[in-house]
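Chains as they are written, first to last, in our numbering: chain U, 1 to 400; chain R, 1 to 240.
For each residue, glycine too, the CB sits at the ideal point set by N, CA and C.
Working notes, beginning with the structure itself.
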Amino acid sequence: MLWDTFILAFREIRRHVLRSLLTVLGIVIGVASVITMVTLGNGATVQVTEQIASLGSNLMMVSPGKGGHGQRSIAPPFKLADAEAIAREIRSLAAVAPSSNQGVTAIFGNENWATTLTGSDNQYFNVRNWTIKTGRIFSNSELRAGAAVCVIGETVREKLFGKQEALGKRIRLGKLSFQVIGLLQSKGQSTMGMDQDDTVIIPLRAFQRRISGNQDIGMIQVSAAEGASTEKVQEDIEHLMRERRHISSSEDDDFNVRDLKEIVKMLTGTTQVLTALLSAVAAVSLLVGGIGIMNIMLVSVTERTREIGIRLAIGALESEVLMQFLVEAVVLSSSGGLFGIILGLSACAGLKGVLQVPFIFNPGIVILAFLFSAAVGVVFGYFPARKAAGLDPIEALRHE
Amino acid sequence: MIQSEQTDRQTLIKLQGVRKIYGTGQAAMEALRGIDLHIEEGDFVAVMGPSGSGKSTCLNILGCLDTPSYGDYIFKGITVNGLDRNQRAHLRRNYLGFVFQGYNLLSRTSALENIELPLIYRGVHIKERQRLAIQALDAVGLRGWESHTPSELSGGQQQRVAIARAIVTKPAVLMADEPTGNLDTVRGHEIMDLLVELNKTQGITIVMVTHEPDMAAYTKRTVHFLDGLIESDKQNGKIK
Numbered sequence: 001m002l003w004d005t006f007i008l009a010f011r012e013i014r015r016h017v018l019r020s021l022l023t024v025l026g027i028v029i030g031v032a033s034v035i036t037m038v039t040l041g042n043g044a045t046v047q048v049t050e051q052i053a054s055l056g057s058n059l060m061m062v063s064p065g066k067g068g069h070g071q072r073s074i075a076p077p078f079k080l081a082d083a084e085a086i087a088r089e090i091r092s093l094a095a096v097a098p099s100s101n102q103g104v105t106a107i108f109g110n111e112n113w114a115t116t117l118t119g120s121d122n123q124y125f126n127v128r129n130w131t132i133k134t135g136r137i138f139s140n141s142e143l144r145a146g147a148a149v150c151v152i153g154e155t156v157r158e159k160l161f162g163k164q165e166a167l168g169k170r171i172r173l174g175k176l177s178f179q180v181i182g183l184l185q186s187k188g189q190s191t192m193g194m195d196q197d198d199t200v201i202i203p204l205r206a207f208q209r210r211i212s213g214n215q216d217i218g219m220i221q222v223s224a225a226e227g228a229s230t231e232k233v234q235e236d237i238e239h240l241m242r243e244r245r246h247i248s249s250s251e252d253d254d255f256n257v258r259d260l261k262e263i264v265k266m267l268t269g270t271t272q273v274l275t276a277l278l279s280a281v282a283a284v285s286l287l288v289g290g291i292g293i294m295n296i297m298l299v300s301v302t303e304r305t306r307e308i309g310i311r312l313a314i315g316a317l318e319s320e321v322l323m324q325f326l327v328e329a330v331v332l333s334s335s336g337g338l339f340g341i342i343l344g345l346s347a348c349a350g351l352k353g354v355l356q357v358p359f360i361f362n363p364g365i366v367i368l369a370f371l372f373s374a375a376v377g378v379v380f381g382y383f384p385a386r387k388a389a390g391l392d393p394i395e396a397l398r399h400e
Numbered sequence: 001m002i003q004s005e006q007t008d009r010q011t012l013i014k015l016q017g018v019r020k021i022y023g024t025g026q027a028a029m030e031a032l033r034g035i036d037l038h039i040e041e042g043d044f045v046a047v048m049g050p051s052g053s054g055k056s057t058c059l060n061i062l063g064c065l066d067t068p069s070y071g072d073y074i075f076k077g078i079t080v081n082g083l084d085r086n087q088r089a090h091l092r093r094n095y096l097g098f099v100f101q102g103y104n105l106l107s108r109t110s111a112l113e114n115i116e117l118p119l120i121y122r123g124v125h126i127k128e129r130q131r132l133a134i135q136a137l138d139a140v141g142l143r144g145w146e147s148h149t150p151s152e153l154s155g156g157q158q159q160r161v162a163i164a165r166a167i168v169t170k171p172a173v174l175m176a177d178e179p180t181g182n183l184d185t186v187r188g189h190e191i192m193d194l195l196v197e198l199n200k201t202q203g204i205t206i207v208m209v210t211h212e213p214d215m216a217a218y219t220k221r222t223v224h225f226l227d228g229l230i231e232s233d234k235q236n237g238k239i240k
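Put into structure tokens, the structure is as follows:
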């Protein structure tokens, strides 16, 4: 009986293909946007989470200047002594790495590649979670002397050396020649679309003497010890730096301490707000879709009054007529849901490349979206079905 | 001879003092003003009368589509006037078949599927359904027209399909509301021949509303309605 009802519903929908398609459009759009938003949101969240791991756990960046980039030049730069003071006086730190960076063109043979050059010490590899694929990190004497050696990222190696062996070769950075002593393990892209592997690292002293020509430090990167409160560490650093930079209590900081976790939290927060907002839009779309289905079902009941009369006269129970129209509404809305799911998933697969967000299939949301679209059919199909079932067979048979 | 045969038969339909009033107060209209009618199994009754005489109202009550305002309707020993919509639907499904003036087939649905419809509501399995439907189609002489939709059939053929749909469940009574009303005389007589044959060979009791004396002449008994009352109730001497 139920099977017959389903066949009947499909046949009825097939009779009005265009009408049915237009009717379920609202549902299709609603479901497709839910699927797209949640899938992309999930992808972004996963990406951000991976980002935390790749950047280094509990990473904090201390840099001169206020929050905004525009004021950076006004604030006095850090010196090596600042980094040493942080390392000496702040407790529960795992590593402190002073660093400076600058854009530079790396040249090897006929190949050249514009990249970012960072001067730092071995602590830098710890705070940024870099591992060495081949070769080695800097030796103490190299760091002290500011030797012309460098560790390069995978992108730089590939661009300059291609299939050739890179270790031991000399590359030119600016006007000087540096020997490649280590290759970094690839990390891939960051959330903001930056290629993390596009980097060259040299000893800090080499950077100061041979590249920048001063004793400044662009940034001090700090990683808090496992289990330590990053808030506490951040507070301590702010305290210490205010003291060292002689900032009176009425003045604002002329430096800032950014906790990476906060950035990550902010990023995920944005994603979540966006997802919630678009889900609300999707919910409205589903509601409108549901009303569309109700409208068409009411039209259908009026159109088919005679048919309902025949069925009732022949011996259909009220509940059977109710079921027939309810099943029709549910088949309509859930096929809309199915279309929406397919559309949403293909949109995600298509946008993967454009937005550079990984495609993470979430079966839970697909099932939920499908059940929800079916529920829309039940809710909005009930009233028209009730109306059909309640018709008087004599009146219905007289209907023209 | 006829008399003894009738006493052997079971009374199928019994109307006792049935009144039907539409509307209330000043606007109240009494369509039936006290009907007493007995119909036995195997009978073929023509209900005649001018428009507004209450014959259609009476057929609706007999067909369990409507209930009397006053009086009793006893069908197969069941008091119908006390039943709700669903219980009456069960009675229709199990014991009654309907043929209407306007055929009332489902459009864009094949003849066979139209005939299967009442069997679906009886919960008959698809194979058995098709077998019975083909049998019924055979009985009305439309073998080979299974897959045609109503719009591809003539009026007479549509009415045959409607009759097949009504008899496919082997009902106790066939209610026919002016079955020949939309047909020309030749087709009308063909339909009447078919009904007579079904009454004779399958023993189906038939109650038929008509206003054509020609068609009424095919039946065994004619009941005349006038102004909501039975004016006359006669056995037809000769069955054509």
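**OP:** Have a look at Ala106/U and Gly337/U and give me their C-alpha separation to the nearest angstrom.
**Re:** 54 Å
Original post:
So Arg92/R packs on Gly315/U, CB below 8 Å; how close in whole Å?
Top reply: Confirmed, Cβ separation roughly 4 Å.
**OP:** Evaluate contact between the stretch 151-164 of chain R and the stretch 118-130 of chain R, counting only Cβ atoms and requiring at least three cross-stretch pairs below 8 Å.
**Re:** The stretch 151-164 of chain R is not in contact with the stretch 118-130 of chain R.
Original post:
Helix, strand or coil: how does DSSP classify Gln71/U here?
Top reply: In this prediction, Gln71/U has a pLDDT of 48, which is less than 50 and means its spatial position is unreliable; what the coordinates show is noted afterwards. Helix.
Subject >> Beta-carbon neighbours of Leu117/R, restricted to chain U and to distances below 7 Å >> reply: Ile314
Original post:
Considering His38/R, what are the terminal residues of the beta strand (DSSP E) in which it resides?
Top reply: His38/R -> beta strand (DSSP E) spans 29-40.
Original post:
In terms of residue numbering, what span does the alpha helix (DSSP H) encompassing Pro118/R cover?
Top reply: 111-122
Subject >> Closer than 9 Å to chain R by CB, Pro393/U >> reply: yes
**OP:** Report the rounded CA-to-CA distance for Pro76/U versus Val28/U, giving the unit in angstroms.
**Re:** 57 Å
Original post:
What are the start and end residues of each continuous alpha helix (DSSP H) run of 4 or more residues lying completely inside the stretch 147-191 of chain R, in chain order?
Top reply: 155-167
Subject >> Cut-off 8 Å between Cβ atoms - residues of its own chain near Ser346/U, not counting five sequence neighbours on either side >> reply: none
Subject >> Proximity test, Cβ basis, 9 Å: Phe225/R and chain U >> reply: no
Original post:
In whole angstroms, what is the alpha-carbon distance linking Pro270/R and Ala176/R?
Top reply: Given a span of 1 to 240 for chain R in the structure shown, any question on residue 270/R remains unanswerable.
**OP:** Kindly indicate which three-state DSSP category Asn101/U falls into: helix, strand or coil?
**Re:** strand
Subject >> contact_flag[the stretch 136-144 of chain R, the stretch 94-110 of chain R] where n(CB pairs < 8 Å) is 3 or more >> reply: no
Original post:
Helix, strand or coil: which one does DSSP assign to Asn81/R?
Top reply: helix
Original post:
Can you find a CB in chain R that lies within less than 9 Å of the CB of His16/U?
Top reply: no
Original post:
Do you know offhand how far Ile239/R's Cα is from Glu303/U's?
Top reply: Because Ile239/R carries a pLDDT of 47, less than 50, the predicted location of this residue cannot be relied on, and the following value inherits that uncertainty. Going from the Cα of Ile239/R to the Cα of Glu303/U covers about 43 Å.
Original post:
Does Ala89/R come within less than 9 Å of chain U when only Cβ atoms are used?
Top reply: yes
Original post:
Quick one: what's got a C-beta closer than 8 Å to Pro384/U's C-beta in the same chain, skipping five residues either side?
Top reply: The beta carbon of Pro384/U sits closer than 8 Å to those of Met294, Met297, Leu298, Ser300, Val301, Phe325, Ala329, all from its chain and outside the five residues before and after it, given in chain order.
Subject >> Given 8 Å, three or more beta-carbon pairs between the stretch 37-55 of chain R and the stretch 207-220 of chain R >> reply: yes
Subject >> Contact set between Glu328/U and chain R, taken where Cβ atoms lie within less than 9 Å >> reply: None at all; the shortest Cβ gap to chain R is about 15 Å.
Original post:
Who does Lys79/U pair with in a DSSP beta bridge?
Top reply: Asp216/U
Original post:
Which residue's Cα is closest to the Cα of Arg91/U: Ser99/U, Thr118/U, Arg210/U, Lys232/U?
Top reply: Lys232/U
Original post:
Which runs of the beta strand (DSSP E), 3 residues or longer, sit entirely within the stretch 342-373 of chain U?
Top reply: none
Original post:
CB-CB under 7 Å to Met192/R, same chain, minus the five flanking residues each way: which ones, in chain order?
Top reply: Thr180, Met215, Tyr218
**OP:** Would you verify that the beta carbon of Ser107/R is, or is not, closer than 9 Å to some beta carbon of chain U?
**Re:** yes
**OP:** Output the boundary residues of the alpha helix (DSSP H) element that contains Thr57/R.
**Re:** 55-62
Original post:
Where does Phe138/U fall in DSSP's three states?
Top reply: coil
**OP:** Find the residues of chain R that neighbour Ile360/U, judging by a C-beta separation of less than 9 Å, and give them in chain order.
**Re:** Here the premise fails: no neighbours, minimum Cβ distance about 45 Å.
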